[in-house]
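Student: When you read off a place in the sequence shown, starting at 1, and then add 332, the result is the number in this note's numbering. Note that beta-carbon positions come from the ideal geometry of N, C-alpha and C, so glycine has one too. Structure below; questions to follow.
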Amino acid sequence: MIIKQPMAEERRKGLPPFSLFFQNKNFYKGIGLLFIFLLFLLPVLRLVWLSFVDDGSLTLHYYTEILRERATWSTVQNTLVIVFGSTVLALVLGVAFAWIVAYVQIRGKRAMQLFIFLPFIIPSYITTLAWTQFFGGSGPVTALLALLPGNLQAPSLYSIEGIILLLGLSHYPLVYLFTVNVFRKIPRDLEEAAATSGLSRKQAFRKVVLPLALPGIASGGLIAFLSNLDNFGIPAFLGTPANIRVLSTYIYEQVVGFGPKAFSRAAVLSVMLGAIALLGTLMQWFLLRRSRVTETVRGDMAPRIFLKPVRQIVVEGVLWSFLLVTSLMPLVVMGALSLISAYGVPFKRENLSLKNYEYVFLTDVKPLSALTNSLQLALVTMAICLVLGTILAYLRFKFPDWSTKTAELFITIPYALPGTVFALCMIFMWMEPVPGWNPGVYGTALILFIAYATRFMVLQIRGSYTAFLQLDPSMDEAARTSGAKGWVRWRKVLLPLLFPGILSGALLVFLMALTELTVSSLLWSSGTETVGVVIFGYEQAGYSTYSTAFSTVLVLGILLGGLLFMGIGKLWDRKVLKAK
């Protein structure tokens, strides 16, 4: 009776049946969730489903086949050893730097943080090139060891230890980012109480500071774990020449092999890789449940440990030496060695030339084409994520109910998945979305646009959502009461306040899309190469001098873009202060 009455009323008014639902916001929520489900979650479910299908029937054949192979367990073992080892290294370095920056009185903390984040800002495959040049035959490490007695050899980075080292150095900034503010928010009075009760500084750190900082450490550790698991560039550049497989590179090998079982086997391996990622998430959940969270309203930026002048100079010297060697010197060496005429020749004046740059930018058409493709992909992805991500963040902020939380969960999944797994999801989804219908998306640039937008959308949502959380509600109410409506209120009141946070999310999306390799390595086709794909191709073909020249130009572009962003941020802050 409750349903029939409004339908009868609709007929009397000449309205179509169920038109009442169009007046109900739940209808629009349902449509929005359905669209998000189809775009963000269905490709993942399709991958899982196809891992159990063979010739149209359900089967466990591919699972039993892969699980019986020796190569599978060797690959899983390599993956676990490398991922856990690099995560431990990232945790040690990230927590150590976070504690020193938050607690110890040292000079130049702002500049130090820039060098800490440099390995994360630079794409990991370029970092790998820089380190291989640093330890290579023409690099300074080999030259230095040649001066020492004993015929010493530079350690090889083409090993499990080398992969662990570079993954840890690339992702410890994530641990630092999540941990430094947690250390700053630990109340001083708790540490003072621990000191008055007779605890030493080490005991206070273990019994007071560490339990309170555990949520940030666990979150940073999880992000580092998932980033190490997702990384394709470092294992591909260092592991493939040494025949060291991890799951991400093994999936890539299966797909590019184009065998009759390639996609089915890759689907099974992708499910295994996703299961390891889920295990990491459960580990973080367990750690957070056992931890205690205590936060002050604002982080305490003042140092808590004061060193004697001599000790302070020693500590600063050690920190800066580490940062210069790990963050800057490999990039400088890569730039210098990009000028040598051939790989392996000594770095002497007579061996220097610009012919590598001439080949990359004048002879070979692929680098400039790839740079154009990457810029177009990054700009369009940024624009789509900027508009849709900010709208979704606003809905999440304004209506924090089950529907917006579910939507955010669905949108998070493509970014949480390892890149090779997500790329395979895109292939299965768009090769034939409906049996018998090929929309012509797979094998074109359109699939890259769709993949980038769905993968990086969550970055914009979180950046914009954080900006909305920092917005004073009284500003919006004051604008409403003063008569400002709609777009005028947004343009004159809200957007100037939200701009820094929204822009930060947009620039992060742009940077991630510009230098992306993992997803595009499986989705690119002729004419749609990206910068990462071209550099990867140069390395696979043995043209290291060309890849270093192209990478050097990209690094300079990224650094100049970062300086420009910092300048824009300072100008905007001054403009806002003057307006106040």
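(1) Which ranges does the alpha helix (DSSP H) cover as unbroken runs of at least 4 residues, wholly within the stretch 805 to 880, from first to last along the chain?
(2) Could you compute how far the alpha carbon of Thr786 sits from the alpha carbon of Phe384?
(3) Let me make sure I understand the geometry here. Which of Thr528, Pro732, Leu499, Gly494 has the alpha-carbon closest to that of Asn563?
(4) Cα separation between Val332 and Met898?
(5) Along the chain, which unbroken stretches of the alpha helix (DSSP H) at least 4 residues long are found entirely within the stretch 714 to 755?
(6) Are there 16 or more other CB atoms within 10 angstroms of the CB of Arg812, so buried, or fewer, so exposed?
(7) Can you pull the DSSP bridge partners for Trp769?
(8) Buried or exposed for Lys680, please, with buried defined as at least 16 other CB atoms from any protein chain shown within 10 angstroms of its CB.
(9) Taking only runs of the alpha helix (DSSP H) that begin and end inside the stretch 402 to 473, which ones reach a length of at least 4 residues, in chain order?
(10) Under a three-way DSSP split, which group does Asp696 fall into?
(11) Compute the beta-carbon to beta-carbon distance between Phe372 and Phe754, rounded to the nearest angstrom, for a pair I have assumed lies under 8 Å.
(12) Can you tell me which of the three DSSP states Asp387 falls into?
(13) Any beta carbon of chain D sitting closer than 9 Å to that of Leu425?
(14) Apart from the five residues on each side of it in sequence, which residues of its chain come closer than 7 Å, Cβ to Cβ, to Val380?
(15) Got a sec? Which residues, its chain only, sit under 8 Å from Leu570 by beta carbon, not counting five neighbours each side?
(16) Measure the CB-CB distance between Thr860 and Thr776 and report whether it falls below 9 Å.
(17) Are the beta-carbon atoms of Arg520 and Arg442 separated by less than 9 Å?
(18) Using 9 Å as the threshold, is the C-beta distance between Leu703 and Ile454 below it?
(19) Determine the contact status of Ala838 and Leu718, defining contact as a CB-CB distance below 9 Å.
(20) Could you check if Ile458 is buried or exposed, using at least 16 other CB atoms within 10 Å of its CB as the buried criterion?
(21) With DSSP as the reference, label Leu655 as helix, strand or coil.
(22) Looking only at DSSP bridge pairs, what is Leu684 linked to?
(23) As a quick exercise: from Ala536, Phe369, Ile432, Arg597, pick the residue whose alpha carbon is nearest that of Ser399.
(24) For Gln792, does the count of other Cβ atoms within 10 angstroms reach 16, so buried, or fall short, so exposed?
(25) In angstroms with no decimal places, state the Cα-to-Cα distance between Ser706 and Ser858.
(26) Would you be able to state if there are at least three C-beta pairs under 8 Å between the stretch 544 to 562 and the stretch 359 to 373?
(27) For the alpha helix (DSSP H) containing Thr572, name the first residue and the last one.
(28) Would Gly864 pass as a contact of Ile834 if the rule is Cβ separation under 9 Å?
(29) Tell me, please, which residues DSSP counts as bridged to Ile637.
(30) Take Phe429 and list the residues in its own chain whose beta-carbon comes closer than 7 Å to its own, dropping the five residues that flank it on each side.
(31) Counting along the chain, where does the alpha helix (DSSP H) carrying Arg516 start and finish?
(32) Could you check where the alpha helix (DSSP H) with Gln485 kicks off and where it finishes?
(33) To the nearest angstrom, report how far apart Val866 and Leu684 are at their CA atoms.
(34) Mapping the DSSP letters down to three states, classify Ile759 as helix, strand or coil.
(35) Determine the closest residue to Phe760 out of Val600, Glu524, Glu740, Asn410, with distance taken between C-alpha atoms.
(36) Could you tell me if the beta carbon of Trp856 falls within a distance shorter than 8 Å of some heavy atom in the ligand HEM?
Tutor: Working from what's here:
(1) 805 to 813, 818 to 821, 827 to 846, 852 to 855, 863 to 873
(2) The count along the sequence shown starts at 1 and reaches residue 786 at position 454. The count along the sequence shown starts at 1 and reaches residue 384 at position 52. Spanning the two alpha carbons is a distance of roughly 25 Å.
(3) Counted from its first residue, the sequence shown places residue 563 at position 231. For Asn563, the nearest C-alpha among the options comes from Leu499.
(4) The requested residue 332 is not part of the displayed model; the chain covers only 333 to 912.
(5) 722 to 730, 734 to 748
(6) Your numbering for residue 812 matches position 480 in the sequence shown. Label assigned to Arg812: exposed.
(7) As a first step, residue 769 is located in the sequence shown; it is residue number 437 there, counting from the start. Its beta-bridge partners are Val766.
(8) For this step, residue 680 is matched to residue 348 along the sequence shown. Burial call: exposed.
(9) 402 to 435, 441 to 453, 456 to 467
(10) Locating residue 696 in the sequence shown gives position 364, where the first residue counts as 1. Note: Asp696 maps to coil in three-state DSSP.
(11) Position 40 of the sequence shown, counting from 1, holds the residue named residue 372. Position 422 of the sequence shown, counting from 1, holds the residue named residue 754. Contact doesn't hold; Cβ gap of about 10 Å is too wide.
(12) Locating residue 387 in the sequence shown gives position 55, counting from the first residue. Looking at Asp387 - three-state DSSP - the assignment turns out to be coil, as it is neither helix nor strand.
(13) Note that chain D does not occur in the displayed structure, where there is just one protein chain.
(14) The sequence position of residue 380 within the sequence shown is 48, counting from 1. Within the same chain, Val380 has close Cβ partners Val603.
(15) Locating residue 570 in the sequence shown gives position 238, where the first residue counts as 1. Excluding positions up to five away in sequence, the list reads Thr460, Thr464, Leu489, Tyr490, Ser491, Gly494, Ile495, Leu498, Ile576.
(16) Here residue 860 refers to the residue found at position 528 of the sequence shown. Here residue 776 refers to the residue found at position 444 of the sequence shown. Yes, these two residues count as a Cβ contact at 9 Å.
(17) Position 188 of the sequence shown holds residue 520. Position 110 of the sequence shown holds residue 442. No. Outside cutoff.
(18) Within the sequence shown, numbered from 1, the residue matching residue 703 stands at position 371. Within the sequence shown, numbered from 1, the residue matching residue 454 stands at position 122. No, the Cβ-Cβ distance between Leu703 and Ile454 is not below 9 Å.
(19) By one-based count along the sequence shown, residue 838 stands at place 506. By one-based count along the sequence shown, residue 718 stands at place 386. Yes. Within cutoff.
(20) Counting from one through the sequence shown, the residue named residue 458 turns up at place 126. Counting Cβ neighbours within 10 Å, Ile458 comes out buried, since at least 16 surround it.
(21) To locate residue 655, count along the sequence shown from 1; it is residue 323. Residue state, collapsed to three classes: helix.
(22) Here residue 684 refers to the residue found at position 352 when the sequence shown is read from its first residue. BP columns for Leu684 point to Ile672.
(23) By 1-based counting over the sequence shown, the position of residue 399 is 67. The sequence shown places Leu at residue 399, not Ser. It is Arg597.
(24) The count along the sequence shown starts at 1 and reaches residue 792 at position 460. By the 10 Å Cβ count, Gln792 comes out buried.
(25) Looking up residue 706 in the sequence shown gives position 374. Looking up residue 858 in the sequence shown gives position 526. Rounded to whole angstroms, Ser706 to Ser858 spans 14 Å at the Cα level.
(26) no
(27) Translated into the one-based positions of the sequence shown, residue 572 becomes position 240. From DSSP, Thr572 is part of no alpha helix (DSSP H); its letter is neither H nor E.
(28) Locating residue 864 in the sequence shown gives position 532, where the first residue counts as 1. Locating residue 834 in the sequence shown gives position 502, where the first residue counts as 1. No, the pair does not count as a contact, with Cβ atoms beyond the cut-off.
(29) Within the sequence shown, residue 637 is the residue found at index 305, counting from 1. Answer is Val436.
(30) As a position in the sequence shown, residue 429 is number 97, starting the count at 1. For Phe429, where only same-chain residues beyond five positions count, the Cβ hits under 7 Å are Ile448, Tyr508.
(31) Your numbering for residue 516 matches position 184 in the sequence shown. It spans 492 to 516 - the alpha helix (DSSP H) in which Arg516 sits, taken as one unbroken run.
(32) Numbered from its first residue, the sequence shown carries residue 485 at position 153. Counting along the chain, Gln485 falls outside any alpha helix (DSSP H), and DSSP gives it neither H nor E.
(33) As a first step, residue 866 is located in the sequence shown; it is residue number 534 there, counting from the start. As a first step, residue 684 is located in the sequence shown; it is residue number 352 there, counting from the start. Their backbone Cα atoms lie some 24 Å apart in a straight line.
(34) Within the sequence shown, residue 759 is the residue found at index 427, counting from 1. Of the three classes helix, strand and coil, the one that applies to Ile759 here is helix, per DSSP.
(35) Reading the sequence shown from its first residue, position 428 is the one you call residue 760. Of the candidates Val600, Glu524, Glu740, Asn410, the one whose C-alpha sits nearest the C-alpha of Phe760 is Val600.
(36) Among the ligands in the structure shown, none appear at all, so the ligand HEM cannot be discussed.
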